[in-house]
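Residue numbers (mature numbering (1 follows the signal peptide of the UniProt record, and there is no 0)): -18 to -1, 1 to 202.
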């Protein structure tokens, strides 16, 4: 009975897993991995019909901390996180054709739209789009991340610049969390190019309805 209760408690601490199909998938069965300091970390698999099944594994302790990942933007220099020494393990998902991750196929992204993926794939050089991208992260203990960060941003279009605002309203639980990064406001440069003006970062208890898996093939 105690073992069953412990299992239920563990499951309750896990975030909801995104379950969907990759549109127009023709890569057959594949395996989901994340890049990690100790090598590829197995995260799940993709069925021949494109259905994604994630299985979040136990994560070895990471030297990366919340304080390293989210350095203070506050004038006082005080930490933005309540537990800056907590271990933090982000994920960056990719697909491989084999269980040893030798034949890498490309990246797997959980986003709200193709436009958001296109902007992320351009490393910020393309047009930004309102919407969200999501990331599974593992934290060694519960922690809060609360701050509003202002960043002077120059667009490279002459002297054009603006203040980009990132609003952190994050409550991490110990274990796996699904982070949501949402562009809520855009700003047009002189050329008409769109830039993210306001970004809100939270943790989602459930997989939002707009979240979907999209695949980006590896560049040759």
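Even for Gly, the Cβ is constructed at its ideal location relative to N, Cα and C.
Since the structure is predicted, the reported quantities are computational estimates derived from the model, not experimental observations.
How should residue 35 be labelled, buried or exposed, when 16 other C-beta atoms within 10 angstroms of its C-beta is the threshold for buried?
exposed
With DSSP run on the structure shown, which of helix, strand or coil describes residue 200?
coil
Based on the DSSP secondary-structure assignment, which residues constitute the bridge partners of residue 186?
Under DSSP, residue 186 forms a beta bridge with 160.
Between the segment 121 to 133 and the segment 143 to 152, do three or more beta carbon pairs fall short of 8 Å?
yes
Considering residue 113, what are the terminal residues of the alpha helix (DSSP H) in which it resides?
Looking at the DSSP string, residue 113 is not in any alpha helix (DSSP H); the run it does join, the beta strand (DSSP E), is 113 to 121.
Note the first and the last residue of the continuous alpha helix (DSSP H) segment covering residue 102.
96 to 103
What would DSSP say about residue 149, mapped onto helix, strand or coil?
It is a strand residue.
From the DSSP output, which residues share a beta bridge with residue 131?
The bridge partners DSSP lists for residue 131 are 148.
What distance in whole Å lies between the Cβ atoms of residue 154 and residue 185, which are believed to be in contact at a cut-off of 8 Å?
6 Å
In whole angstroms, give me the CA-to-CA distance for residue 156 and residue 50.
18 Å
Cutting at 8 Å between CB atoms, please list the residues of its own chain near residue 77, excluding the five before and the five after it.
Correct list, in chain order: 9, 12, 13, 14, 15, 28, 86, 87, 88, 89, 90 and 197.
For residue 137, name the three-state secondary structure that DSSP assigns.
Assignment of residue 137 by DSSP, reduced to helix, strand and coil, places it in the coil class.
Between the Cα of residue 179 and the Cα atoms of 137, 47 and 141, which residue gives the shortest distance?
137
On the DSSP letters alone, give me the boundaries of the beta strand (DSSP E) that residue 87 sits inside.
86 to 93
Taking the Cβ atom as the reference point for each residue, do residue 44 and residue 70 lie within a distance shorter than 8 Å?
yes
For residue 48, which three-state DSSP category applies?
helix
In whole angstroms, give me the CA-to-CA distance for residue 183 and residue 121.
16 Å
State the Cα-Cα distance for the pair residue 173 and residue 21, rounded to the nearest angstrom.
42 Å
How is the beta strand (DSSP E) around residue 71 delimited, first residue to last?
Residue 71 -> beta strand (DSSP E) spans 70 to 72.
Measure the alpha-carbon distance for residue -15 versus residue 124 and round it to whole angstroms.
With a pLDDT of 35 at residue -15, under the threshold of 50, the modelled position of this residue cannot be trusted, and the question is left open.
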